[in-house]
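What follows is a set of notes on a single structure, which appears directly below.
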Ligand code: ADP
Ligand code: MG
């Protein structure tokens with residue numbers, strides 16, 4: 015995939031000639047019914063496109079009974095959009111002719127460019143420059159086309175054998191082949207599309223451009239993306255954070271890319287593989303991630319038709335016990351909570367149901383439940399202040415009509431501010447009959463898929479409920495001093511220990527009191543400034559895990575034991591071939607939770623922060639979270655609270671809790687440090703010992719690597 019997406023501000027409106035053209039030329043239109051050039055003309059005609067269609071082919075008089083033109087210049091009227099299907103070698107001249115004719119939108123379907131290597135990439139780049147210079151926009155090359163179901167446009171400019179029905183989903187697919195499958199599945203589910211674009215090589219228009227295009231498009235209520243790579247991840251973060259406030263963005267992200275392939279010399283670098291990085295930043299932008307297209311559509315349907323829940327408490331209303339239990343497991347497994355129904359609600363349910371029914375959540379109305387029971391019980395649950403959303407389950411018993419049950423559920427759900435999803439365990443024929451009915455609540459075949467959709471609704475709602483543009487905070491730090499310390503990096507990029515600590519201090523991160531000494535004598539003198547008991551550490555070039563080679567001595571009580579430790583440590587390191595260049599004397603920190611803070615610079619994304627349980631726990635539990643700065647206070651708090659071991663930080667079995675405010679601030683400060691000093695390629699604070707107060711929170715070990723500063 016080409017990742018040459020420019021940062022130049024190309025206005026979203028520049029995509030109008032692509033999605034609402036008044037005239038379309040198909041260059042390379044063909045009479046051969048098996049060709050793409052035929053399929054496109056066919057789809058345009060059958061889709062009911064309203065504007066002028068100009069097939070171009072020097073060897074045909076008419077295609078599909080539409081008169082054909084020998085070349086672009088011969089097209090009789092003005093031209094908005096050019097669909098280019100000619101052989102590869104003719105593409106550059108064709109694009110030139112289309113631009114000369116006034117086309118401001120181009121969709122290049124022809125393949126054989128950037129995806130084939132350097133030569134193809136060069137042609138592709140030249141095309142982009144040419145298109146941009148003309149003030150036009152291009153989708154592709156190597157794509158399957160675009161679709162707009164807006165009734166005033168009705169344009170199927172693709173070679174998909176399945177048309178798209180009108181609807182509210184904007185879909186961008188990075189894969190053309192998958193695009194066909196996506197449209198098929200959408201049709202199977204009766205899901206409507208507002209606009210669809212297959213991106214191909216993204217030489218000009220990218221997924222980011224489409225996000226911006228759909229930001230204010232009233233027809234598009236949910237944005238779905240199938241992505242293989244992020245052309246410009248930093249721009250994606252910025253756009254998604256903004257657009258996600260207005261409408262949900264759902265992503266299926268496949269493929270591992272070079273994004274996470276970094277030197278594994280730091281914990282942050284080693285743990286932050288491509289996939290966690292992608293997940294972390296998607297989640298933080300409020301983007302919902304699905305594993306499959308099917309799951310994506312399950313969630314999209316719910317987002318399209320339901321209000322957002324105020325919390326994560328679910329009521330389940332079922333006519334069978336088994337599926338209700340399955341649903342409960344699935345809901346809880348997704349992190350949702352079974353609602354605790356109020357006594358008023360249970361009384362109302364009892365009045366509606368036979369004595370054998372179960373009126374606690376999950377509500378089992380038993381097999382005799384008819385539409386009156388469904389309507390009444392669902393209404394009672396939705397009226398309960400302890401309920402944020404409802405899941406209705408119906409197993410079609412003999413002789414009962416699933417349509418009346420669904421209608422009853424729809425009636426109770428209508429006008430409610432709480433989402434209602436319905437699981438109908440009914441025959442295929444039933445599901446076919448109701449497909450595409452946007453007046454009904456979203457219907458699923460199995461409790462698990464409905465539970466997943468509810469969980470994603472709750473996740474998105476929680477993200478949306480957070481204040482929008484949270485200020486990242488502006489922390490005082492000594493930038494000039496920091497730059498000076500960074501200048502001291504060695505040939506391998508690593509800072510000497512004292513420079514690394516000095517960077518942290520200048521950034522305002524609390525650090526255990528320390529002194530650095532180059533010699534034994536200086537170390538003994540410095541010990542008086544640090545005070546006993548203290549910690550002795552040796553620093554040597556290339557020395558990474560100090561404690562493993564005996565370069566850390568904790569709890570030295572007096573000068574005599576310090577002198578002995580200095581001698582022993584020096585002898586050991588000399589023998590190991592890593593003679594110390596100096597010694598770090600540190601105050602002994604007592605107690606506190608061992609945490610890790612990390613910072614690493616990801617190509618094309620920029621800085622990535624990491625937080626988690628530190629010390630030896632990092633290797634064992636990998637209990638860490640990632641975040642893309644800048645971080646506001648609430649976003650930073652989410653990161654801290656997001657680790658599995660967070661309850662440990664709150665204090666268990668009489669242990670004091672860690673001061674959370676300090677942790678939030680350290681994370682925010684590291685984010686600011688990263689932006690102000692992009693030369694920092696990696697920074698690991700491990701451990702940071704977090705006690706119950708600001709005074710008992712401090713870094714005791716840090717490594718900093720300086721890179722080129724080019725992100
Ligand atoms: P390394 O990670 O290179 O082995 P550290 O400096 O992180 O070396 O020290 C190893 C461990 O020793 C830390 O994880 C921490 O548990 C403990 N430690 C280090 N410095 C101090 C200190 N100043 N006070 C208390 N404990 C410390
Ligand atoms: Mg360490």
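Numbering (our numbering), first residue to last: 15 to 725.
Ideal Cβ positions, reconstructed from N, Cα and C, are used throughout, including at glycine.
Residues bridged to residue i [DSSP beta-bridge criterion]
{"i": "residue 83", "result": "70"}
{"i": "residue 712", "result": "703"}
{"i": "residue 567", "result": "550"}
{"i": "residue 607", "result": "704"}
{"i": "residue 625", "result": "611, 639"}
{"i": "residue 696", "result": "614, 719"}
{"i": "residue 238", "result": "185, 264"}
{"i": "residue 41", "result": "70, 98"}
{"i": "residue 508", "result": "719"}
{"i": "residue 596", "result": "553"}
{"i": "residue 601", "result": "548"}
{"i": "residue 409", "result": "439"}
{"i": "residue 525", "result": "713"}
{"i": "residue 458", "result": "437"}
{"i": "residue 120", "result": "96, 152"}
{"i": "residue 620", "result": "616"}
{"i": "residue 378", "result": "332, 372"}
Closest by C-alpha distance to residue i, when choosing among the options
{"i": "residue 337", "options": "231, 459, 223", "result": "459"}
{"i": "residue 624", "options": "552, 701, 556", "result": "701"}
{"i": "residue 515", "options": "498, 505, 506", "result": "498"}
{"i": "residue 423", "options": "676, 126, 406", "result": "406"}
{"i": "residue 579", "options": "137, 565, 214", "result": "565"}
{"i": "residue 330", "options": "305, 298, 398", "result": "398"}
{"i": "residue 310", "options": "253, 239, 320, 244", "result": "239"}
{"i": "residue 188", "options": "203, 181, 165, 213", "result": "213"}
{"i": "residue 53", "options": "182, 126, 174, 94", "result": "174"}
{"i": "residue 584", "options": "604, 552, 575", "result": "552"}
{"i": "residue 506", "options": "115, 469, 695", "result": "695"}
{"i": "residue 575", "options": "562, 604, 541", "result": "541"}
{"i": "residue 325", "options": "474, 48, 247", "result": "474"}
Proximal residues to residue i (C-beta, below 7 Å), its chain only, five neighbours per side dropped
{"i": "residue 327", "result": "351, 353, 400, 401, 402"}
{"i": "residue 522", "result": "489, 490, 491, 683"}
{"i": "residue 440", "result": "410, 416"}
{"i": "residue 281", "result": "Summary for residue 281: the model assigns pLDDT 45, below 50, so the residue's position carries little reliability; its value from the coordinates is reported in the next sentence. The residues are 610, 612, 632, 698, 700."}
{"i": "residue 149", "result": "118"}
{"i": "residue 16", "result": "Unreliable placement is indicated for residue 16, whose pLDDT of 38 sits below 50; no coordinate value is reported for it."}
Own chain partners of residue i with C-beta closer than 6 Å, once the 5 adjacent residues on each side are dropped
{"i": "residue 518", "result": "525, 713, 716"}
{"i": "residue 345", "result": "328, 465"}
{"i": "residue 294", "result": "640"}
{"i": "residue 383", "result": "333"}
{"i": "residue 807", "result": "In this structure the chain extends from 15 to 725, so residue 807 is not present and cannot be described."}
{"i": "residue 7", "result": "Absent from the structure is residue 7, since the part of the chain shown begins at 15 and ends at 725."}
{"i": "residue 300", "result": "258, 477"}
{"i": "residue 592", "result": "554, 557"}
{"i": "residue 500", "result": "693, 720"}
{"i": "residue 34", "result": "167"}
{"i": "residue 111", "result": "86"}
{"i": "residue 272", "result": "At residue 272, the pLDDT of 40 sits below 50, so the modelled position is not reliable; the number obtained from the coordinates is stated separately. So the list is empty, once near-sequence residues are dropped."}
{"i": "residue 470", "result": "302, 313"}
{"i": "residue 586", "result": "564"}
{"i": "residue 461", "result": "337, 340, 341, 344, 437"}
Spatial neighbours of residue i in its chain, beta-carbon cut-off 8 Å, leaving aside the 5 residues before and after
{"i": "residue 659", "result": "626, 627, 631, 635, 637"}
{"i": "residue 769", "result": "A query on residue 769 cannot be resolved here, the shown segment of the chain reaching from 15 to 725 and no further."}
{"i": "residue 445", "result": "438, 457, 459"}
{"i": "residue 100", "result": "41, 42, 108, 124"}
{"i": "residue 75", "result": "81, 82"}
query = Listed in chain order, which residues are found with a beta carbon closer than 5 Å to a heavy atom of the ligand ADP?
reply = 526, 549, 559, 560, 561, 566, 600, 602, 603, 629, 701, 714, 715
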